[in-house]
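Visitor:
Numbering (the numbering used here), first residue to last: 8 to 315.
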């Protein structure tokens, strides 16, 4: 396992859902790791409820883990990705959540996934993120940054500059700035476009616009976006996990950081088919014959067999 997976530190880090039961997947990972002299670690607040897992501070975990396994839904996966952003550490997602757009492996498929990791039979899918600067330390978001007023039920008013050139303003309930990965989240719900993961683009979508820019904007990944609220404090939510308040008149600068993290992929076609099913749950129109195509072939063949 150590040689085939290229593990230098002999450490697997776990990032787990804060509430859902992930004990079966933890047992699979720790059982395999024990026989290969590999340590399985998690943040102290998670390790206390995970049998056979050592506690390790978040910064040390990020630096030492050879692989990070996310056991949860997309929110957990995004947290794991933020944890190792800027490092080559591969992130494997195991779906213990709901839809799981980012995640390819089910809990039942984890043993087979680990076998393929050992054999080196996997690929790495790079993901870009948004980097927010201009307030304190840089902050990252792999899905989106949502900007609202700090005063409830009040519109946010934001001046927009792109590459140092003024381009009007937003006045709306919120403004969503998203990556291609995050384009199927709040951006889509707000009427923004779905952006292909293969396209290095940034989406800006006003939510319930009242004046100013009222349509979504799609920008190139090398553009620099500056937003400024001249008359009120602004609240920023990054991936729905981290919230920041930015002072009136302060610059909020957003850039795309390419290839910020590597996600483990075993079968891009299978993952793509599952994503089509999940997108159909968002009311993307599919004809009945297109829906049938999403059913695995073995199940379609079984359905055609005559009943005895």
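Even glycine gets a Cβ: it sits at the ideal position worked out from N, Cα and C.
Where are the beta strand (DSSP E) runs, 3 residues long or more, that stay fully inside the stretch 194-278, in chain order?
Guide: 208-219, 224-227, 232-235, 241-245, 249-253 and 258-272
Visitor: Tell me the rounded alpha-carbon separation between residue 211 and residue 34.
Guide: 42 Å
Visitor: Straight-line CA distance for residue 281 to residue 239?
Guide: Since pLDDT at residue 281 reaches only 47, below the 50 mark, its modelled position is unreliable, and no value is offered.
Visitor: Given residue 278, which residues of its chain have a CB within under 8 Å of its CB, disregarding the five upstream and five downstream residues?
Guide: For residue 278, the pLDDT reaches just 45, beneath the cut-off of 50, and the residue's location in the model is therefore unreliable, although a value from the coordinates is still provided. Closer than 8 Å at the Cβ level, and outside the excluded window around residue 278, lie 111 and 272.
Visitor: Just the C-alpha distance for residue 189 and residue 149, rounded to the nearest angstrom, thanks.
Guide: 7 Å
Visitor: Mind checking whether residue 135 and residue 186 have CB atoms under 9 Å apart?
Guide: At the C-beta level, residue 135 and residue 186 come within 9 Å of one another.
Visitor: For residue 231 and residue 170, which I take to be in contact (beta-carbon distance under 8 Å), what is that distance rounded to the nearest angstrom?
Guide: 5 Å
Visitor: CA-CA distance, residue 99 and residue 73?
Guide: 11 Å
Visitor: What residue range is occupied by the uninterrupted beta strand (DSSP E) comprising residue 123?
Guide: Note, residue 123: premise wrong, no beta strand (DSSP E); alpha helix (DSSP H) at 117-126.
Visitor: If we count Cβ pairs, one from each stretch, closer than 8 Å, do we get three or more for the stretch 113-122 versus the stretch 47-61?
Guide: no
Visitor: On the DSSP bridge list, what partners appear for residue 140?
Guide: 260
Visitor: If we call anything under 9 Å between Cβ atoms a contact, is residue 19 one with residue 91?
Guide: No, Cβ-Cβ distance for residue 19 and residue 91 is not below 9 Å.
Visitor: Along the chain, which unbroken stretches of the beta strand (DSSP E) at least 3 residues long are found entirely within the stretch 51-135?
Guide: Inside the stretch 51-135, DSSP marks whole beta strand (DSSP E) runs of 3 or more residues at positions 74-79 and 97-102, from first to last along the chain.
Visitor: Give every residue of the same chain whose Cβ lies closer than 6 Å to the Cβ of residue 261, excluding the five residues on either side of it in the sequence, and list them in chain order.
Guide: 137, 139, 184 and 232
Visitor: Consult DSSP for residue 44 and reduce its assignment to one of helix, strand or coil.
Guide: Three-state DSSP puts residue 44 in coil, outside helix and strand.
Visitor: Does the beta-carbon of residue 93 have 16 or more other beta-carbons within 10 angstroms, so that it is buried, or is it exposed?
Guide: Exposed, because fewer than 16 other Cβ atoms sit within 10 Å of the Cβ of residue 93.
Visitor: What whole-angstrom Cβ distance do residue 179 and residue 207 have, given they're in contact under 8 Å?
Guide: With a Cβ gap of about 26 Å, residue 179 and residue 207 do not count as contacting.
Visitor: Whole angstroms is fine: what's the gap from residue 226's alpha carbon to residue 166's?
Guide: 16 Å
Visitor: Report the rounded CA-to-CA distance for residue 71 versus residue 197, giving the unit in angstroms.
Guide: 39 Å
Visitor: Do residue 101 and residue 53 have their CB atoms nearer than 9 Å?
Guide: no
Visitor: I'd like the list of long-range same chain contacts for residue 203, defined as Cβ closer than 8 Å, with 5 residues on each side in sequence excluded.
Guide: The answer, listed in chain order, is 187.
Visitor: Keeping to the same chain, check which residues put their C-beta closer than 8 Å to that of residue 57; ignore five residues upstream and five downstream.
Guide: 21, 23, 29, 30, 33 and 49
Visitor: Is it right to say residue 16 is buried, meaning 16 or more other beta carbons lie within 10 angstroms of its own, or is it exposed?
Guide: exposed
Visitor: Around the C-beta of residue 175, are 16 or more other C-beta atoms found within 10 angstroms, so that it is buried, or is it exposed?
Guide: exposed
Visitor: Give the DSSP-derived three-state secondary structure of residue 161 in the structure shown.
Guide: Of the three classes helix, strand and coil, the one that applies to residue 161 here is coil, per DSSP.
Visitor: Alpha carbon to alpha carbon, what distance is there between residue 37 and residue 269?
Guide: Going by the C-alpha atoms only, they are around 23 Å apart.
Visitor: Would you give the residue range spanned by the beta strand (DSSP E) that residue 2 belongs to?
Guide: Because the chain is modelled from 8 through 315, residue 2 falls outside the range shown and cannot be assessed.
Visitor: With DSSP run on the structure shown, which of helix, strand or coil describes residue 34?
Guide: helix
Visitor: Would you mind giving the Cβ-Cβ distance between residue 247 and residue 44, rounded to the nearest angstrom? I have them listed as a contact below 8 Å.
Guide: Between residue 44 and residue 247 the Cβ distance is about 38 Å, and since that is not below 8 Å, they are no contact.
Visitor: Residue 20 lies in the beta strand (DSSP E); which residues open and close that run?
Guide: Where residue 20 is concerned, the enclosing beta strand (DSSP E) starts and stops at 18-23.
Visitor: Check whether the Cβ of residue 128 lies closer than 8 Å to any heavy atom of the ligand PLP, and answer yes or no.
Guide: Only the bare structure without any ligand can be found here, which leaves the ligand PLP out of the picture.
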